[in-house]
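A quick write-up on the structure given underneath.
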């Protein structure tokens with residue numbers, strides 16, 4: 002495969018990924034992912050060998066047992082780093098973590 006073909010395939014995958022994020026993943030979840038990446042990942046990555054901070058959310062290390070605890074933890078961490086987040090941003094990160102790692106049932 003030549004570099005031009007490879008470049009086109011990469012471009013198509015990028016377009017597909019953006020369409021997926023726009024139409025399939027709710028915007029608050031993508032906002033939560035971005036907020037986590039900008040504000041939380043560097044601290045969490047420093048906690049684990051190889052910079053694998055997402056291990057913090059795995060079942061082996063998990064201390065959070067319900068959604069309300071998860072939101073409280075996000076709020077506490079945001080306060081510790083002086084993120085200055087509003088409730089909507091705390092909710093977005095909480096929802097992103099829940100969707101990607103914890104999978105607690107949402108109350109109706």
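In our numbering, the protein residues as written are 2 to 109.
Ideal Cβ positions, reconstructed from N, Cα and C, are used throughout, including at glycine.
Just so you know, these numbers come straight off a predicted model, no measurement behind them.
Top-ranked residue by Cα proximity to residue 35, from 94, 57, 62, 49: 94
Reduced DSSP secondary structure (H/G/I, E/B, other) of residue 84: coil
Candidates 102, 5, 89, 6, of which the one nearest residue 66 by Cα: 102
Which listed residue (10, 98, 3) has its alpha carbon closest to that of residue 69: 98
Coarse secondary structure for residue 51, derived from DSSP in three states: helix
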